[in-house]
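Read the structure below first, then the notes.
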Amino acid sequence: MAIREQIYGLLSHYEKFLRIMLKDVYFFQVFAIIFIV
2 MAIREQIYGL LSHYEKFLRI MLKDVYFFQV FAIIFIV
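First residue of the sequence shown? That's 2 in the working numbering, and the numbers climb one at a time after it.
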C-alpha cells in the first residue's frame, strides 16, 4: 500500500511531464507507422 501511494504521489506530481512525454511517444509511434507504411 505504501509503495502504491508513493507511486500515485509521483504520478500526480509529474502528471504534466508524463502527459507531455506520453503525447510525444504517441506522436512518434504514429510517425513511425506512417514512415514504415
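Just so it is clear, CB atoms sit at the ideal spot from N, CA and C, and this is done for glycine as well. Fair warning: this is a prediction, and the values are worked out from it, not measured in the lab.
Can you give me the C-alpha to C-alpha distance between phenylalanine 29 and glutamate 6, rounded to a whole angstrom?
Take the alpha-carbon of phenylalanine 29 and the one of glutamate 6: they are about 31 angstroms apart.
Proximity below 8 angstroms, CB of leucine 19 to CB of leucine 12:
Cβ atoms of leucine 19 and leucine 12: closer than 8 angstroms.
Does DSSP put valine 31 in a helix, a strand or coil?
The DSSP-derived three-state label of valine 31 is helix.
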